[in-house]
Structures are given as C-alpha cells and as structure tokens.
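Asks:
In UniProt numbering, the protein residues as written are 1 to 292.
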C-alpha cells in the first residue's frame with residue numbers, strides 16, 4: 001500500500017461517500033472509485049458496504065482503519081519534514097479557525113500573503129470544532145481554546161470580548177436586566193454544546209436545558225442573524241457589532257465574556273519559511289486590528 005492508497009481509504013471512511021472524498025482530495029469521483037476498487041482487489045476483500053446513500057466500513061475495513069490512519073499520518077509527517085528542509089514558498093498551508101476569525105482576521109492576512117507569494121495556496125477550514133494539530137488535521141489553528149498538548153507551539157494573539165445581544169423588539173418586550181433573567185429565558189441561540197461547551201457551562205452556568213434553546217449552530221454569523229430576526233438572545237463577539245447598530249441591543253452592558261485567541265502550530269513547521277510568512281501576517285493582522 002502506498003500513501004495515495006492510505007489517503008483515499010481514510011477520506012472515503014471520513015466522508016462516507018465517493019463524491020465527498022473526491023471533493024476533499026480535489027479529484028473526480030471516478031478516480032476515487034477506481035482507486036478503491038484497485039485497493040480492494042489488492043487486499044482481496046471488500047473495505048466498504050455500498051448503498052445508494054452512503055458507504056460504510058465492512059468489518060474488515062473497520063479493523064484496518066486505525067492502522068491505515070496511522071500510516072497516512074506518518075506519510076504526512078514525512079512530507080512536512082521534507083517541506084521544512086526546503087525554503088520553497090510553494091505548495092499549501094492549511095489553517096483551521098472559526099468563520100468569524102476567518103472573516104475579520106485571516107482573509108485580510110491571506111490577501112497580503114497572496115500578494116507576496118502568489119504560488120502559495122491557503123487552505124482554510126472553518127468551524128467551531130477543535131482541530132487536532134497534533135494529528136496533522138491542519139498546519140496552523142487559530143482558536144479560542146489553549147491546547148492541552150504541551151508539544152505544540154502556542155502563541156496568544158488576542159483576548160476578545162463577547163456580549164449578550166437581543167433584537168430591539170425582544171429587549172423591549174421582556175425583562176432581561178440580569179444574568180439570571182437571561183439564563184432563565186426560553187429563547188436562546190447557542191453554539192453546539194459539544195463544540196463550545198464553555199458557553200453552556202460558564203456563561204450560562206450549566207443551568208439551561210434544551211427546551212430553552214431555539215437554535216444551535218456552529219457559525220457566529222448565523223447567531224447574529226438569528227438575534228436580528230428576534231429568534232432569541234445570542235452571545236456575540238463585540239467587535240462584530242458596529243457602534244450604534246439599530247438592529248441589536250447589548251443586554252447587561254457591564255457583562256463581557258473574555259476569550260483568549262491562540263495560534264497553534266506543529267513544532268516541525270516552526271522554522272519553515274512559508275509557515276513563518278503565514279504566521280507573521282496573521283500576527284500583524286491581529287495586532288493592527290486591536291491597535292486601530
């Protein structure tokens with residue numbers, strides 16, 4: 001088995017479809033199908049059950065998944081170490097972050113990176129779920145939680161504040177003057193609990209239940225639009241709300257939730273020029289944003 005075999009197998013297992021794997025690998029669906037058929041012939045057994053809706057691992061395929069995933073990660077690590085031995089400013093850098101941080105901070109940084117090195121591709125993965133840098137899911141992560149893995153390179157970029165917001169109509173029709181009022185309110189818009197548990201357990205003190213939540217999502221842009229539409233109260237980054245925005249009311253002005261933003265990097269990439277360039281531009285963007 002070569003690295004391509006490992007990559008194709010792992011991606012099909014992750015996406016549960018040839019189409020999804022093809023999209024992730026940037027090849028056509030027929031190529032993924034041919035590679036899977038060839039791998040199954042080579043091994044002499046089926047790796048996936050095929051249905052009209054999805055692919056699921058056979059018992060044999062499931063037994064191989066941990067080993068093949070480990071092979072895929074080893075190959076990726078070898079490639080990274082090879083990259084670190086060269087000064088080439090080509091190829092790609094994968095950054096994992098949230099849609100909000102991508103919009104306000106990374107897009108301007110990527111614009112400058114592209115003007116300096118147009119041959120370098122930035123692959124942006126957005127979502128609130130924590131990306132495992134140690135397992136090579138991304139090269140760099142920008143996130144609101146410091147990793148527990150002490151082997152990773154970590155740098156604090158900023159501390160952002162988040163406030164509780166409602167639409168003017170919702171604020172006018174309900175008494176929402178204290179945290180207790182908000183915590184007992186039955187129209188809350190929340191991040192998915194599994195992805196951002198701190199908002200449920202710290203800001204809302206672990207006292208709310210599912211019956212109070214009208215919408216869960218993984219996008220702060222969706223939360224802010226839900227608040228504007230009077231769906232409920234949402235926790236929003238203060239920098240997203242323009243001064244005197246008539247569509248939003250900040251509840252309990254003295255309350256702020258403080259979130260440290262961290263840059264996380266695999267140590268093998270620290271001294272590679274293309275990663276250094278990307279990191280420097282990200283740091284510049286955060287610095288200029290908070291100094292302006």
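Built from N, CA and C at the ideal position, the CB exists for glycine as well.
Are the Cβ atoms of residue 161 and residue 256 separated by less than 8 Å?
Replies: Numbered from its first residue, the chain shown carries residue 161 at position 161. Numbered from its first residue, the chain shown carries residue 256 at position 256. Taking 8 Å as the Cβ cut-off, residue 161 and residue 256 qualify as a contacting pair.
Asks: Following the continuous beta strand (DSSP E) through residue 155, name the residue where it begins and the one where it ends.
Replies: As a first step, residue 155 is located in the chain shown; it is residue number 155 there, counting from the start. Its beta strand (DSSP E) spans residues 153 to 166.
Asks: In the structure shown, what three-state DSSP assignment does residue 196 receive?
Replies: Reading the chain shown from its first residue, position 196 is the one you call residue 196. Note: residue 196 maps to coil in three-state DSSP.
Asks: Are residue 158 and residue 258 touching if we call contact CB-CB under 8 Å?
Replies: Here residue 158 refers to the residue found at position 158 of the chain shown. Here residue 258 refers to the residue found at position 258 of the chain shown. It is not a contact, given that the beta carbons lie outside the stated cut-off.
Asks: Expressed to the nearest angstrom, what Euclidean distance is found between the alpha-carbon atoms of residue 59 and residue 47?
Replies: If you number the chain shown from 1, residue 59 lands on position 59. If you number the chain shown from 1, residue 47 lands on position 47. If you take the alpha carbons of residue 59 and residue 47, they lie about 8 Å apart.
Asks: Looking at the strands, I want to know which residues DSSP matches up with residue 233.
Replies: Locating residue 233 in the chain shown gives position 233, counting from the first residue. Note: residue 233 sits in a beta bridge opposite 188.
Asks: How far does the beta strand (DSSP E) with residue 274 in it reach, from first residue to last?
Replies: Here residue 274 is taken as the residue at index 274 of the chain shown, counted from 1. Here residue 274 belongs to no beta strand (DSSP E); instead the alpha helix (DSSP H) covers 273 to 291.
Asks: Does the segment 173 to 185 come into contact with the segment 258 to 273, if we say contact requires no fewer than three beta-carbon pairs (one atom in each stretch) closer than 8 Å?
Replies: With the cut-off at 8 Å, the segment 173 to 185 and the segment 258 to 273 do not touch.
Asks: Please go through the same chain and pick out, in chain order, the residues whose beta-carbon is closer than 8 Å to the beta-carbon of residue 16, but skip the five residues on each side of it.
Replies: Translated into the one-based positions of the chain shown, residue 16 becomes position 16. Closer than 8 Å at the Cβ level, and outside the excluded window around residue 16, lie 54, 55 and 56.
Asks: Per the contact definition of three or more C-beta pairs closer than 8 Å, is the segment 225 to 241 in contact with the segment 275 to 285?
Replies: Verdict: no, contact absent.
Asks: Are there 16 or more other CB atoms within 10 angstroms of the CB of residue 274, so buried, or fewer, so exposed?
Replies: To locate residue 274, count along the chain shown from 1; it is residue 274. With 16 or more other Cβ atoms within 10 Å, it is buried.
Asks: What's the gap between the Cα of residue 172 and the Cα of residue 224?
Replies: The residue you call residue 172 lines up with position 172 of the chain shown. The residue you call residue 224 lines up with position 224 of the chain shown. The alpha-carbon atoms of residue 172 and residue 224 are separated by roughly 18 Å.
Asks: Mind checking which residues open and close the alpha helix (DSSP H) that includes residue 31?
Replies: Within the chain shown, residue 31 is the residue found at index 31, counting from 1. Unbroken alpha helix (DSSP H) run through residue 31: 29 to 43.
Asks: Taking the alpha helix (DSSP H) that residue 221 belongs to, which residues open and close that run?
Replies: As a first step, residue 221 must be located in the chain shown, where it is residue number 221. Residues 220 to 228.
Asks: Rounded to the nearest angstrom, what separates residue 293 and residue 29 at their Cα positions?
Replies: This structure cannot settle anything about residue 293, because the visible part of the chain is limited to 1 through 292.
Asks: Three or more C-beta pairs under 8 Å: does that hold for the segment 212 to 221 against the segment 97 to 107?
Replies: Yes, they touch.
Asks: Assuming contact is defined by CB atoms lying nearer than 8 Å, are residue 6 and residue 78 in contact in what I supplied?
Replies: Taking the first residue of the chain shown as position 1, residue 6 is located at position 6. Taking the first residue of the chain shown as position 1, residue 78 is located at position 78. No. Outside cutoff.
Asks: Let me confirm a value: residue 166 is counted as buried when at least 16 other C-beta atoms fall within 10 Å, else exposed. Which label applies?
Replies: On the chain shown, position 166 is the one that residue 166 refers to. Per the 10 Å Cβ criterion, buried.
Asks: I need the DSSP call for residue 203, collapsed to helix, strand or coil.
Replies: Position 203 of the chain shown, counted from the first residue, corresponds to residue 203. DSSP places residue 203 in helix when its eight states are reduced to three.
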